[in-house]
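**Student:** What follows is a single structure, and I will ask about it in a moment.
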Amino acid sequence: MDMVHAWMIAQRDLVLEGSAISRALDYSLKRWAALSRYLDD
């Protein structure tokens, strides 16, 4: 999971601000703790 998190952060810096993918990454990164808990269950 740490590698996925690091990849998402790195990709976020590469995509255009306001694009659909930037919004998707922002959404996931803001909710990373909850996503991690869900995947651990």
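Numbering (my numbering), first residue to last: 22 to 62.
The beta carbon of each residue, even a glycine, is placed where N, CA and C say it ideally should be.
All of these numbers come straight from a predicted model, not from anything done at the bench.
To the nearest angstrom, how far is the alpha carbon of aspartate 24 from that of alanine 45?
**Tutor:** Here residue 24 corresponds to residue number 3 of the sequence shown, with the count starting at 1. Here residue 45 corresponds to residue number 24 of the sequence shown, with the count starting at 1. It should be pointed out that residue 24 corresponds to methionine in this sequence rather than to aspartate. In a straight line, the C-alpha of methionine 24 is about 18 Å away from that of alanine 45.
**Student:** Return the CA-CA distance between tryptophan 53 and tryptophan 28, expressed in angstroms with no decimal places.
**Tutor:** Residue numbering aside, residue 53 sits at position 32 when the sequence shown is read from its first letter. Residue numbering aside, residue 28 sits at position 7 when the sequence shown is read from its first letter. If you take the alpha carbons of tryptophan 53 and tryptophan 28, they lie about 13 Å apart.
**Student:** Taking the runs of the alpha helix (DSSP H) that are 4 residues or longer, which of them lie wholly in the region 23 to 54?
**Tutor:** Fully enclosed alpha helix (DSSP H) runs of 4 or longer: 23 to 33, 41 to 51.
**Student:** Please report the straight-line C-alpha distance between aspartate 62 and leucine 56, rounded to a whole angstrom.
**Tutor:** Taking the sequence shown and counting its residues from 1, the one referred to as residue 62 is at position 41. Taking the sequence shown and counting its residues from 1, the one referred to as residue 56 is at position 35. Their backbone Cα atoms lie some 10 Å apart in a straight line.
**Student:** Alpha carbon to alpha carbon, how far is methionine 22 from leucine 60? Give it in angstroms, no decimals.
**Tutor:** One-based indexing of the sequence shown puts residue 60 at position 39. One-based indexing of the sequence shown puts residue 22 at position 1. Whole-angstrom Cα-Cα distance: 9 Å.
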